[in-house]
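Undergrad: This structure is in structure tokens; I'll ask about it shortly.
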DNA sequence: TACCAGGTAACGT
DNA sequence: ACGTTACATGGT
């Protein structure tokens, strides 16, 4: 196969390694492989007949280099959709300079914004994957959420092998719309989560719910109202999807337990912050709530790895 | 055993 | 429109 590749430019601030650090936060991740300075992922462009295995690297922090390891786009439209997917995944279109200035200026996020310089809000461009990930993650710790995602993916997703490794794609709605509820519960999803995932799958399969349609509403609050109509999707899940899939910079899952823990740690509180405290804290980052949340989430992970490093010494 | 985890629905007032 | 409560399930 000819060496098919393309580049996607990105403006500063951008540090590919920082993004990879975020992406390796869980050894249980099953939808991509981070190998040193590159990521490998199986992707299917919307409407494409076959999936493509892509390798993404970034030698100079100025442009992502994307190489097709398997499969090739069958048309310009297909190539363009793959490019959009990757721009979306790494939030390449965003001008991060205003965020960097804003965050660095304050006492709470200043140190974080400097140590995480160039970290982009890693997205989940596929709406079905984003919703299922959020639903799986409701009220459970992250490790267990990853296990649920892995079981769903291994049971219902497509796989491709290369050089002795297996790469998987999150299941399509069609695969889960008809899934047996008992079978989903056997994966340790609760009844509520199983039902919510089946409902989302059915809606998407019937074309009654799509990322394009949500974005076409032109208003993230309207998109949220659509999402919340589905039983099993509440405000947290809706904001999570606004943040990581719809790319709403103002998404703000204010009830999130991890966010509470992160704010508690950053402010040195002996208790979790109240909603009022969160509101007034985030008022300082108006317009960038999603990035503030993302950086705070990641600060928790850095705290944990720092603690582990100390134990291992 | 109790409590928590990147919540939600149902039901009170 | 709000505040409370029941619920579900693995991890620590």
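Numbering (full-length UniProt numbering), first residue to last: 1 to 313.
Positions of the beta carbon are idealized from the N, C-alpha and C atoms, including for glycine.
How big is the Cα-Cα spacing for residue 312 and residue 47?
TA: Your numbering for residue 312 matches position 312 in the first chain. Your numbering for residue 47 matches position 47 in the first chain. Reliability of the predicted coordinates at residue 312 is poor, the pLDDT of 40 falling under 50, and no value is obtained from them.
Undergrad: For the alpha helix (DSSP H) containing residue 54, list its first residue and its last residue.
TA: By one-based count along the first chain, residue 54 stands at place 54. Element bounds for residue 54: not the alpha helix (DSSP H) but the beta strand (DSSP E), 52 to 57.
Undergrad: Confirm, please, whether the CB-CB distance from residue 129 to residue 315 is below 8 Å.
TA: Residue coverage of the chain in this structure runs from 1 to 313, which leaves residue 315 outside it and unanswerable.
Undergrad: Note the first and the last residue of the continuous alpha helix (DSSP H) segment covering residue 215.
TA: Residue mapping note: residue 215 aligns to position 215 of the first chain, counting from 1. Per DSSP, residue 215 belongs to the alpha helix (DSSP H) from 211 to 216.
Undergrad: Residue 198: which of 232, 237 and 154 sits nearest, CA to CA?
TA: As a first step, residue 198 must be located in the first chain, where it is residue number 198. The option with the nearest alpha carbon to residue 198 is 232.
Undergrad: Once DSSP output is grouped into helix, strand and coil, what is the label at residue 315?
TA: Since the first residue shown for the chain is 1 and the last is 313, residue 315 is missing from the structure and cannot be characterised.
Undergrad: Which whole-angstrom value is the C-beta distance of residue 65 and residue 301, which I expect to be below 8 Å?
TA: Taking the first residue of the first chain as 1, we reach residue 65 at position 65. Taking the first residue of the first chain as 1, we reach residue 301 at position 301. Not quite, the Cβ-Cβ distance comes to about 27 Å (not below 8 Å), so this is no contact.
Undergrad: Please name the residue or residues paired with residue 40 in a DSSP beta bridge.
TA: To locate residue 40, count along the first chain from 1; it is residue 40. BP columns for residue 40 point to 33 and 55.
Undergrad: In three-state DSSP terms, what is residue 63?
TA: Position 63 of the first chain holds residue 63. Three-state result, residue 63: strand.
Undergrad: Check each candidate in 79, 29, 22 and 23 and name the one with the smallest Cα separation from residue 6.
TA: For the purposes of this step, residue 6 is identified with residue 6 of the first chain, where counting begins at 1. Among 79, 29, 22 and 23, the Cα nearest to that of residue 6 is on 79.
Undergrad: Specify whether the stretch 170 to 181 and the stretch 189 to 205 touch according to this definition: at least 3 beta carbon pairs, one from each stretch, less than 8 Å apart.
TA: As far as the Cβ criterion goes, the stretch 170 to 181 touches the stretch 189 to 205, which means the pair count is three or higher.
Undergrad: Can you tell me which of the three DSSP states residue 201 falls into?
TA: Translated into positions along the first chain, residue 201 becomes position 201. DSSP places residue 201 in helix when its eight states are reduced to three.
Undergrad: What residues in its chain sit with their C-beta under 6 Å from that of residue 74, if we drop five residues either side in the sequence?
TA: For the purposes of this step, residue 74 is taken as residue 74 along the first chain, with counting starting at 1. Closer than 6 Å at the Cβ level, and outside the excluded window around residue 74, lies no residue.
Undergrad: Does the separation of the CB atoms of residue 244 and residue 123 fall below 8 Å?
TA: By 1-based counting over the first chain, the position of residue 244 is 244. By 1-based counting over the first chain, the position of residue 123 is 123. Yes.
Undergrad: Indicate whether residue 8 and residue 86 have their beta-carbon atoms separated by less than 8 Å.
TA: Residue 8 sits at position 8 when you count from the first residue of the first chain. Residue 86 sits at position 86 when you count from the first residue of the first chain. For residue 8 and residue 86, yes; Cβs fall inside 8 Å.
Undergrad: Would you check if the distance between the CB atom of residue 106 and the CB atom of residue 284 is smaller than 8 Å?
TA: Within the first chain, numbered from 1, the residue matching residue 106 stands at position 106. Within the first chain, numbered from 1, the residue matching residue 284 stands at position 284. Yes, they are a contact pair.
Undergrad: Just the C-alpha distance for residue 112 and residue 303, rounded to the nearest angstrom, thanks.
TA: As a working note, residue 112 is residue 112 in the first chain. As a working note, residue 303 is residue 303 in the first chain. In a straight line, the C-alpha of residue 112 is about 11 Å away from that of residue 303.
Undergrad: Can you tell me where the alpha helix (DSSP H) holding residue 117 begins and where it ends?
TA: Here residue 117 refers to the residue found at position 117 of the first chain. From DSSP, residue 117 is part of no alpha helix (DSSP H); its letter is neither H nor E.
Undergrad: Tell me, to the nearest whole angstrom, how far the beta carbon of residue 51 is from that of residue 160; I am working on the premise that it is less than 8 Å.
TA: Residue 51 sits at position 51 when you count from the first residue of the first chain. Residue 160 sits at position 160 when you count from the first residue of the first chain. With a Cβ gap of about 6 Å, residue 51 and residue 160 count as contacting.
Undergrad: Kindly indicate the opening and closing residues of the alpha helix (DSSP H) around residue 6.
TA: Along the first chain, read from residue 1 onward, the residue named residue 6 stands at position 6. First-last for residue 6: 5 to 9, but that is the beta strand (DSSP E), not the alpha helix (DSSP H).
Undergrad: Quick one: what's residue 161 bridged to in DSSP?
TA: Residue 161 sits at position 161 when you count from the first residue of the first chain. Partner(s): 166.
Undergrad: Does DSSP put residue 128 in a helix, a strand or coil?
TA: The residue labelled residue 128 in the question sits at position 128 within the first chain. Residue state, collapsed to three classes: helix.
Undergrad: Got a sec, what are the start and stop residues for the alpha helix (DSSP H) residue 288 sits in?
TA: Along the first chain, read from residue 1 onward, the residue named residue 288 stands at position 288. Here residue 288 belongs to no alpha helix (DSSP H), and DSSP marks it neither H nor E.
Undergrad: Identify whether residue 12 lies in helix, strand or coil by the three-state DSSP scheme.
TA: Working through the first chain from its first residue, we reach residue 12 at position 12. Reduced to three states, the DSSP call for residue 12 is coil.
Undergrad: Ordered along the chain, which non-local residues of its own chain (more than five positions away) have a Cβ less than 8 Å from that of residue 13?
TA: Along the first chain, one-based indexing puts residue 13 at 13. These residues qualify, in order along the chain: 96, 97, 100, 117 and 118.
Undergrad: Please state the DSSP three-state secondary structure of residue 313.
TA: Within the first chain, residue 313 is the residue found at index 313, counting from 1. Annotation note: pLDDT 30 at residue 313 (below 50); position unreliable, no value reported.
Undergrad: Please confirm whether residue 92 and residue 288 have their CB atoms less than 8 Å apart.
TA: Taking the first residue of the first chain as 1, we reach residue 92 at position 92. Taking the first residue of the first chain as 1, we reach residue 288 at position 288. Not closer than 8 Å, so no.
Undergrad: Across which residues does DSSP place residue 68 in a beta bridge pair?
TA: Reading the first chain from its first residue, position 68 is the one you call residue 68. Answer by DSSP bridge pairing, in chain order: 54.
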